[in-house]
Amino acid sequence: QSFGTYGPMRNGETAQYGSVPEISSFYVGFNMATIPKPVRQAFAYVANQEQLVQSVFKGRGKASYHFTPPSIYPGGANAYTQHAEQNWPYGYNQTQVEQARQVMEEAGYGPDNQFTVQWTQYQSPTWLEMAKLFRDQLSAAHIEMEIQQADFSTLLTRGRSGNLDAYTLGWIADWPAPDNFLQLLNPPQTLTSEPAPTSYINWTQENGSAAQQAEQAYAKVEDNQAPTDQAQQARNEAYIAIEEANWEDVGFLPIYHSLGERFWYDWVDIEMHGGMGGSRQAKNDVKIGERS
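The opening position of the sequence shown corresponds to residue 230 in this note's numbering, with each subsequent residue numbered one higher.
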């Protein structure tokens, strides 16, 4: 956590300020039934997560390369960073347009055979700025990206019905453990033909060579729920296997882990929330004093 002040604001007041890294992940998801793997990989090649966090999100978050947030990643934040730096296949903190073009051309795409992607996102000028960056970079890799904005409920409804190509969403922890996140990358739970999919990527062995690896790894998690060191080690190995399977097939393209922020006046007595976010905080002890 970090604390300070913010202001003076337009009303002349200076507020107290607090921030905390949230246990969250924001990402671009791909309907793998409609978006071929080379296209998904091209997105990953052009994405420079650190640049996006700094230039688009103004530093208010942490670049992400795993879906599991750093604070709950097996081995913690240092292990998270080390694994990403050493193994991320698409250029760590790099924009690799040439590699994106190459993977597309190897799949048969070119100037006269471009692939069109419908990108659907939050109604947000920030995410729109990011979308335009992707669109401009991918145009050099034989991908034409059409941008559409939708309200949150419409985005979810279309996702559950399988009517999205590429989309933006996020997840904040219901409980602070990797399986709360990685259930969204368990292939059977991603199928929009099922009643209640946890994500909308339709990951199968037909559209992803690592789908079986991810499914088997999640089964290993479910089979090792005992509160023992041995079971924890088995789960940790499985968590990393799921992350690496997603790297291979690019169902989710991780973008950033959010920074939770709070602003309050001196006359408000409130604790800063933790990594689970302000929506999970009980506020029964908040006190409002005399305005100065």
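Note that beta-carbon positions come from the ideal geometry of N, C-alpha and C, so glycine has one too.
Keep in mind the model is a prediction, meaning the values are calculated, not measured.
Report task. Using 10 angstroms around the beta-carbon of Met238, count the other beta-carbons present and answer buried if the total reaches 16, otherwise exposed. Result -> With fewer than 16 other Cβ atoms inside 10 Å of its own Cβ, Met238 counts as exposed.
**Prompt:** Which same chain residues, not among the five before or five after Ala467, have their C-beta less than 6 Å away from its C-beta?
**Reply:** So the qualifying residues of the chain are Ala446, Lys449 and Val450.
Between Gln347 and the rest of its own chain, which residues show a CB-CB distance below 6 Å, the 5 nearest in sequence each way excluded?
Glu375 and Asp394, listed in sequence order.
For a test of the three-state rule: what should DSSP assign to Val249, helix, strand or coil? strand
Does DSSP put Gly489 in a helix, in a strand, or in coil?
strand
Where does Thr234 sit, in a helix, a strand or coil, going by DSSP?
Residue state, collapsed to three classes: strand.
Given Ser368, which residues of its chain have a CB within under 7 Å of its CB, disregarding the five upstream and five downstream residues?
none
Under a three-way DSSP split, which group does Gly388 fall into?
helix
Do Trp212 and Pro416 have their C-beta atoms within less than 7 Å of each other?
Nothing in the structure corresponds to residue 212, since the chain is present only between 230 and 521.
Given Val515, which residues of its chain have a CB within under 8 Å of its CB, disregarding the five upstream and five downstream residues? Val497, Asp498 and Ile499
Problem - Entirely enclosed alpha helix (DSSP H) segments - the segment 300-329, minimum 4 residues - result: 306-316
Among the candidates Pro298, Tyr319 and Ser508, whose CA atom is the shortest distance from the CA of Tyr274? Tyr319
Beta-carbon proximity check, Thr349 vs Tyr396, cutoff 7 Å: yes
**Report entry** Own chain partners of Trp476 with C-beta closer than 6 Å, once the 5 adjacent residues on each side are dropped
**Finding:** Pro318
Is Ile499 helix, strand or coil when you go by DSSP? coil
| task | Determine, using beta carbons only, whether Ser487 and Ser300 come nearer to each other than 7 Å. | result | Note that the C-beta distance between Ser487 and Ser300 is not below 7 Å.
Do Thr421 and the ligand ZN come close, with the Cβ less than 6 Å from some heavy atom?
Within the structure as shown, the ligand ZN is missing, as the structure has no ligands at all.
Exercise. In angstroms, rounded to a whole number, what distance separates the CA positions of Ala470 and Gly304?
Worked result: 14 Å
Segment limits, alpha helix (DSSP H) that includes Lys449
Counting along the chain, the alpha helix (DSSP H) containing Lys449 begins and ends at Ala440 to Glu451.
Discussion item. Suppose only complete runs of 4+ residues qualify. What are the alpha helix (DSSP H) ranges in the segment 392-438, listed by chain order?
Written reply: 407-411
Measuring alpha carbon to alpha carbon, tell me which residue in Ala440, Val249 and Gln510 is nearest Gly480. Ala440
With distances taken from CA atoms, which of Gln352, Gln454 and His312 is nearest Ala406? From the listed residues Gln352, Gln454 and His312, the smallest Cα separation to Ala406 is found for Gln454.
Near Ala271, which residues of its chain fall below 7 Å by C-beta distance, leaving aside the five closest residues on each side in sequence? Ala329, Val332, Met333, Leu367, Ala370 and Ile372
Open item on the list: I'd like the list of long-range same chain contacts for Gly391, defined as Cβ closer than 6 Å, with 5 residues on each side in sequence excluded.
Closed with: Thr421
Can you give the beta carbon distance from Ser428 to Gly258, rounded, assuming they're within the 8 Å contact cut?
-> 6 Å
- Task: Work out the CA separation of Asn277 and Asn465 for me, nearest whole Å.
- Result: Rounded to whole angstroms, Asn465 to Asn277 spans 27 Å at the Cα level.
Could you give the distance in angstroms between the alpha-carbon of Pro250 and the alpha-carbon of Gly503?
8 Å
Determine the burial state of Lys512: buried for a count of at least 16 other Cβ atoms within 10 Å of its Cβ, exposed for fewer. exposed
**Asked** With C-beta atoms as the reference, is Ala474 less than 7 Å away from Gln442?
**Response** yes
Notebook entry, point to check: Does DSSP classify Gln343 as helix, strand or coil?
Noted result: coil
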